[in-house]
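Chemist:
Protein chains: 2
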Amino acid sequence: MSEQYLQSLGQQAKQASFALANLSSAQKSALLSAIAASLTAAADEIVAANEQDVAAAKAAGLTQAMIDRLLLNHQRLAGVIADIDNVIGLPDPIGREFDSRLLDNGMRLCRRAVPLGVIGVIYEARPNVTVDIAVLALKTGNAVILRGGKETLNSNLALAKAIRSAIVECGLPADAVQLIDNPDRTLVTGLLKLDQYVDMIVPRGGDKLQRLCAEQATIPVILGGIGICHLYVDKAADLTRSTDVIINAKVQRPTVCNALDTVLVHEAVAAEYLPLLAAALTAQGVKLVGCEATSKLLPAYEIEAATDESFSTEWLSLTLGIKVVADIEAAISHIRQFSSGHSEAILTDDIAAASHFLNEVNSAAVYLNASTRFTDGGQFGLGAEVAVSTQKLHARGPMGLEALTTYKWLGVGDYTARS
Amino acid sequence: MSEQYLQSLGQQAKQASFALANLSSAQKSALLSAIAASLTAAADEIVAANEQDVAAAKAAGLTQAMIDRLLLNHQRLAGVIADIDNVIGLPDPIGREFDSRLLDNGMRLCRRAVPLGVIGVIYEARPNVTVDIAVLALKTGNAVILRGGKETLNSNLALAKAIRSAIVECGLPADAVQLIDNPDRTLVTGLLKLDQYVDMIVPRGGDKLQRLCAEQATIPVILGGIGICHLYVDKAADLTRSTDVIINAKVQRPTVCNALDTVLVHEAVAAEYLPLLAAALTAQGVKLVGCEATSKLLPAYEIEAATDESFSTEWLSLTLGIKVVADIEAAISHIRQFSSGHSEAILTDDIAAASHFLNEVNSAAVYLNASTRFTDGGQFGLGAEVAVSTQKLHARGPMGLEALTTYKWLGVGDYTARS
């Protein structure tokens, strides 16, 4: 039954993807405008559906943070709809030809950017993802299969209904956007094995979901969104200016993946700097988990003892690991051992140390004298963000529209045979 | 035991990859030259080891084709070594910075091409792959874990020994190239799950190996090398010139993945063309598997009845499927249903048909008026070929050196915090 359901879901998505692949940019813009209009027209219905979800979440005793993520009121919905205009304004990556060359046998060869085909996205509480991902997929000529969290099902159903009706209005197949509306969890593992129809899976969720996808998927998966992020304060750092960057990286939005998890401090400046830093951090309500040297240098503070386990933790809260390191090599070693490959930074005024760190640290984003919080599609000027990849194939770091494309090789000959 | 072995293999490879990542192009060229010299010096030893493998293969009753793939005599080894010079001459893709931009907050952002890290390659009979892959991996600053077929183990051990001694001679860690020398098959599935250390798996082998990797790997895998390739003869094709292209695609080297598997012929020209084509093909010893219409139009030939199963077969031999189609849409539908996404071609003099086919057929390589046999790194001018990808993420079609790289984002600020 669920096997059959997924097969038809996949088949319909693949079929729809053929209709999307060669739309012109103007046609795709018209489609996205129609979706914005349809969502606006259905706003009352969508907000009412979301109220049901929120009421159920409250009754189920979900945390306030969860409920806040779930909430889609008129104001938020208007923001989501306004974002569609931004996407319409982005350049269309599809159809561009590049790396063209004339081969010795007279054949003209090039690569042409084309849609991936069908994208599967598995996500959790936020209903805005339903719209964001559908819009980015359609902008790049891809069909999409969405699997949201069960706690947002009513909201997602209302959103998908409005999106699909706009697609049909534009004379395109509704199945360009499909929502799995059955909370059965075996559908997730089933989706991960639908390699005959689905070209890429993007899991947007925590560590458990990422592992499930890595282990179960027979489809290429873009892992990401897990950031154990480090910032190294070199002995040549401007200590006064460093504190602002660290506070920004840790405190501005502690629940996101590019928030800082561990500060590494060169031992030559640790005695001078740690008391200043600790004062600034605790004033912001940050809880410290430090190595032995840290505890010794901060006798006035209550410091939890750091362990390999704590250094392997993505805090997602106002907790920060601190470690005193002998030198830049020790900092790099620590990062290599504990980083999730998301974002790391060095603070220094020493050009040799800066260059060494940027060369040797191989995470998706590496910063000199900047906060790890910048790893974000919007901040990077990509105009949109599908996800943040922490793997190395296909796309790395913030994924913009380009990450939803592939290329095909086109060869034009004159009845040319290989000699 | 095997778990521990794989862990240390992975750890050593990862450690070695750090030493390789920032080598200059000159250092990498010197390393490849040293490998060429070391293989030359060890030629007698390598050929003797290969003779053992060949003798064992003969004793085990392997086919002549298998034994030929296995054979590494002095002449072939010299060819393999000469190819290293070609790779030395290719541009080094590592270190290039691109997409640089100045953000509004003053941060300078760019992407820098960097090695993937550790690449795992699983392959079958040909011992030359051991050298080819090691050289391409090192050229791009990657460490590599090799798992060859058990029938070439002696050859591979001798080759790896020579390669590793050259690496050490250059002051680099031998574990930049490691060969799994234990024929235990659980090591393959173990390797596929070594995601802590291995960044990409490239399976170079048949359908079974590809499926195993898709199903078992927790590491990103590049599937490929399976080609169910189609050529569509449009009603506006130059029929006289078409035959040469079809013969080339089918006959030149029938055992490779870009060889032709199915010819689709527009019904308007089928009655005229099929007898000509069949005569030319059978003169070359090609066996025909045709649809009903084909059989009717070729009463003089013995034609096996085509089925969905035969149309799903990668022949790898002098067998060819033939189907008469109502029009170009039927040809495209057939390709969408049966293609493995490798290479397809249209023969036509009609510009609208040509453009429609190139737009609508979404395989790794799509040709107008050319043989499918061109899908090859050498033919495409990539200078080298790691594998031919039939998936859409990361790399598509012939994979050159670029496919062994990723990028990291580098952000340079002035103690910049996110506002």
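Line by line, the protein sequences give chains A and B.
The first sequence: position 245 = 245 (full-length UniProt numbering), numbered continuously.
The second sequence: position 277 = 277 (full-length UniProt numbering), numbered continuously.
Beta carbons: idealized from backbone N, C-alpha and C, even for Gly.
Taking Cβ-Cβ distances below 7 Å as the criterion, which residues of the region 208 to 220 of chain A are in contact with chain B?
Modeler: Going along the region 208 to 220 of chain A in chain order, one finds Ala214, Glu215, Thr218, Pro220 with a Cβ nearer than 7 Å to chain B.
Chemist: Starting from Gly411(A), follow its DSSP beta bridges and name the residues at the other end.
Modeler: Paired residues: Leu109(A), Tyr367(B).
Chemist: Give me the Cα-Cα distance between Val87(B) and Val168(B), rounded to the nearest whole angstrom.
Modeler: C-alpha separation (whole angstroms): 20 Å.
Chemist: Determine the direct distance from the alpha carbon of Arg185(B) to that of Glu215(A), and round the result to whole angstroms.
Modeler: So the two alpha carbons sit approximately 19 Å from each other.
Chemist: Three-state secondary structure (DSSP) at Ile81(B)?
Modeler: Helix at Ile81(B).
Chemist: Just how far apart, CA to CA, sit Gly290(A) and Asn128(A)?
Modeler: Going from the Cα of Gly290(A) to the Cα of Asn128(A) covers about 38 Å.
Chemist: Would you mind sorting Leu102(A) into buried or exposed? The rule is 16 or more other CB atoms within 10 Å of its CB.
Modeler: It is exposed - the Cβ of Leu102(A) has fewer than 16 other Cβ atoms within 10 Å.
Chemist: Taking DSSP as the reference, what is the three-state secondary structure of residue 420(A)?
Modeler: With chain A covering only 1 through 419, there is no way to say anything about residue 420(A).
Chemist: Please classify Tyr197(B): does DSSP put it in a helix, a strand, or coil?
Modeler: The answer is coil: DSSP assigns Tyr197(B) none of H, G, I, E or B.
Chemist: What are the start and end residues of each continuous alpha helix (DSSP H) run of 4 or more residues lying completely inside the region 20 to 60 of chain A, in chain order?
Modeler: Listed in chain order, the complete alpha helix (DSSP H) runs (minimum 4 residues) inside the region 20 to 60 of chain A are 25 to 41, 43 to 59.
Chemist: Verify the CB distance criterion: does Ser242(B) have a CB-CB separation below 8 Å to chain A?
Modeler: Yes - at least one Cβ of chain A is within 8 Å of the one on Ser242(B).
Chemist: Let me know the secondary structure DSSP gives Val121(B) once reduced to three states.
Modeler: Val121(B) falls in the strand class under three-state DSSP.
Chemist: In three-state terms, what does DSSP make of residue 421(B)?
Modeler: The question about residue 421(B) has no answer, for chain B in this structure spans 1 to 419.
Chemist: Can you confirm whether Lys392(A), when its beta carbon is compared against all beta carbons of chain B, has any partner nearer than 8 Å?
Modeler: Yes, Lys392(A) counts as interfacial toward chain B.
Chemist: Excluding the 5 residues preceding and the 5 following His266(A) in the sequence, name in chain order all residues of the same chain whose CB lies nearer than 7 Å to its CB.
Modeler: Counting only Cβ-Cβ distances below 7 Å, and skipping sequence neighbours, we find Val233, Asp234, Lys235, Val325, Asp327.
Chemist: Compute the Euclidean distance between the alpha carbons of Leu260(B) and Gln379(B), then round it to the nearest angstrom.
Modeler: Approximately 17 Å, taken between the alpha carbons.
Chemist: Give the secondary structure of Ile145(A) by DSSP, where H, G and I count as helix, E and B as strand, and everything else as coil.
Modeler: DSSP places Ile145(A) in strand when its eight states are reduced to three.
Chemist: Using a Cβ-Cβ distance under 8 Å, would Val198(B) count as near chain A?
Modeler: For Val198(B), the answer is no, since every Cβ of chain A falls outside 8 Å of its Cβ.
Chemist: Is Phe311(A) helix, strand or coil by DSSP?
Modeler: Helix at Phe311(A).
Chemist: Taking DSSP as the reference, what is the three-state secondary structure of His230(A)?
Modeler: His230(A) falls in the strand class under three-state DSSP.
Chemist: What residue ranges within the region 199 to 282 of chain B form continuous beta strand (DSSP E) runs of no fewer than 3 residues, ordered along the chain?
Modeler: 200 to 204, 229 to 233, 260 to 266, all fully within the region 199 to 282 of chain B.
Chemist: State the DSSP-derived secondary structure class of Glu385(A), mapped to helix, strand or coil.
Modeler: If DSSP states are grouped into helix, strand and coil, Glu385(A) belongs with coil.
Chemist: Could one say the Cβ of Arg69(A) lies closer than 8 Å to chain B's Cβ atoms, at least one of them?
Modeler: No, no contact with chain B.
Chemist: Within the same chain, show all residues whose beta-carbon is closer than 6 Å to that of Gly117(B), passing over the 5 residues directly before and after it, in chain order.
Modeler: Excluding residues within five positions, the ones whose Cβ falls inside 6 Å are Ser17, Asp199.
Chemist: Name, please, each residue of chain A whose Cβ falls closer than 8 Å to the Cβ of Ala55(B).
Modeler: What Ala55(B) touches in chain A: nothing, since even the nearest Cβ is about 35 Å away.
Chemist: Would you mind reading off the limits of the alpha helix (DSSP H) that contains Phe338(B)?
Modeler: First-last of the alpha helix (DSSP H) with Phe338(B): 328 to 338.
Chemist: Measuring alpha carbon to alpha carbon, tell me which of Val177(B), Leu192(B), Ser155(B) ends up nearest Leu32(B).
Modeler: With distances taken between Cα atoms, Leu32(B) lies closest to Val177(B).
Chemist: Could you check whether the Cβ of Thr416(A) sits closer than 8 Å to any Cβ belonging to chain B?
Modeler: By this cut-off, Thr416(A) is an interface position.
Chemist: Output the distance between the C-alpha atoms of Arg164(B) and Ile201(A), rounded to the nearest integer angstrom.
Modeler: Cα to Cα, Arg164(B) sits roughly 38 Å from Ile201(A).
Chemist: Please work out which residues of its chain come closer than 6 Å, Cβ to Cβ, to Ala137(A), disregarding the five sequence neighbours upstream and downstream, and give them in chain order.
Modeler: The residues are Ile119, Val144.
Chemist: So if I threshold CB-CB distances at 8 Å, which residues from the region 309 to 342 of chain B count as touching chain A?
Modeler: Listed by position, the residues of the region 309 to 342 of chain B near chain A (Cβ gap below 8 Å) are Arg336.
Chemist: Does the CB of Thr348(A) have a neighbour CB from chain B at under 8 Å?
Modeler: No, Thr348(A) lies away from the interface with chain B (no Cβ there is under 8 Å from its Cβ).
Chemist: Closest Cβ-Cβ distance between Gln379(B) and chain A: below 8 Å?
Modeler: By this cut-off, Gln379(B) is an interface position.
Chemist: Let me check understanding here. Comparing Cα to Cα, which of His230(A), Ala160(A), Tyr301(A), Thr130(A) lies closest to Ser312(A)?
Modeler: When only C-alpha atoms are compared, the closest one is His230(A).
Chemist: Alpha carbon to alpha carbon, how far is Leu39(A) from Arg126(A)?
Modeler: Distance between the alpha carbons of Leu39(A) and Arg126(A) is about 16 Å.
Chemist: Anything in chain A within Cβ reach of Thr406(B), meaning under 8 Å, just list it in chain order.
Modeler: What Thr406(B) touches in chain A: Lys392, Leu393, Arg396.
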